[in-house]
Amino acid sequence: MSRKFVLSGAAALAVAAAPLIAAPATAAPAHADQTAAVTTVYYSTSGAPSFRDEINAGAANWNNAVSNVKLVERSSGASLTYVEGNDPRGSYAQSDGHGNGTVFIDYTQAQEYYTIRITAHETGHVLGLPDHYEGPCSELMSGGGPGPSCTNANPDSQESAQVEQLWANGFRAAGPQQRIYEEIPAGIH
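The sequence shown begins at 1 in our numbering and counts up one residue at a time.
#1: Which whole-angstrom value describes the C-beta separation of Thr40 and Val72, a residue pair presumed to lie in contact below a C-beta threshold of 8 Å?
#2: Which residues in the same chain have their Cβ closer than 7 Å to the Cβ of Asn152, if we skip the five residues on either side of it in sequence?
#3: Please state the DSSP three-state secondary structure of Ser157.
#4: Kindly indicate which residue of Gly135, Tyr107, Tyr92, Ser79 has the alpha-carbon position closest to the one of Gly101.
#5: Start and end of the alpha helix (DSSP H) containing Gly124?
#6: Would you kindly work out how many angstroms separate the C-alpha atoms of Gly145 and Tyr113, rounded to a whole number?
#7: Taking the C-alpha atoms as reference points, what is the distance between Tyr133 and Gly143?
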């Protein structure tokens with residue numbers, strides 16, 4: 001008798017719970033797919049305290065433009081670090097385009113060019129984008145090509161779409177780290 005009670009009680013519980021379990025199980029894969037595609041890249045500004053606000057603004061511009069990768073400031077354990085100093089070749093990103101690397105912000109260049117554009121542009125390299133100096137000011141990855149009067153620090157729709165595609169499945173395939181200088185084309189100063 002108790003065996004029959006346990007089985008019928010288990011069957012009743014299964015029938016009663018089935019609607020509760022079925023609905024979330026159907027919704028869970030869609031939610032899991034959406035959150036699985038978001039990758040967080042942690043960055044540190046401790047090596048570039050003079051430019052912390054500009055770095056955070058550039059990161060916010062990327063966070064507003066893409067959804068597959070998010071940039072989050074962190075004091076330790078960051079895969080992306082920002083540093084500041086002097087380099088006659090200018091600002092640069094040394095990265096594998098996979099969320100890892102260093103962004104160097106040159107003091108001289110930051111005095112001449114819009115610093116948020118510099119930080120957002122170099123962060124674009126860390127997210128996998130190449131330079132396109134021939135592009136207009138509306139393209140973030142045109143860097144210093146449009147000249148110092150360009151203050152656009154936001155990726156355009158094509159740049160955003162390219163980052164979305166690169167990060168659609170989390171970290172994209174890593175390659176060797178490369179140093180990408182923000183060279184100013186000849187004749188622009």
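C-beta atoms are modelled at their ideal positions from N, C-alpha and C, and glycine is treated no differently. Remember, predicted model here, so these are calculated numbers, not experimental data.
Taking the definition as stated:
#1: As a first step, residue 40 must be located in the sequence shown, where it is residue number 40. As a first step, residue 72 must be located in the sequence shown, where it is residue number 72. The pair is a contact, with the Cβ atoms about 5 Å apart (cut-off 8 Å).
#2: To locate residue 152, count along the sequence shown from 1; it is residue 152. Around Asn152: Arg117, Cys137, Ser138, Leu140.
#3: On the sequence shown, position 157 is the one that residue 157 refers to. The answer is helix: DSSP assigns Ser157 an H, G or I state.
#4: Here residue 101 corresponds to residue number 101 of the sequence shown, with the count starting at 1. If we check each option's Cα against that of Gly101, Ser79 comes out closest.
#5: Taking the first residue of the sequence shown as 1, we reach residue 124 at position 124. Start and end: 115 to 126.
#6: For the purposes of this step, residue 145 is taken as residue 145 along the sequence shown, with counting starting at 1. For the purposes of this step, residue 113 is taken as residue 113 along the sequence shown, with counting starting at 1. Cα-Cα distance, rounded: 11 Å.
#7: Within the sequence shown, the letter at position 133 stands for residue 133. Within the sequence shown, the letter at position 143 stands for residue 143. Between Tyr133 and Gly143, the C-alpha separation is close to 6 Å.
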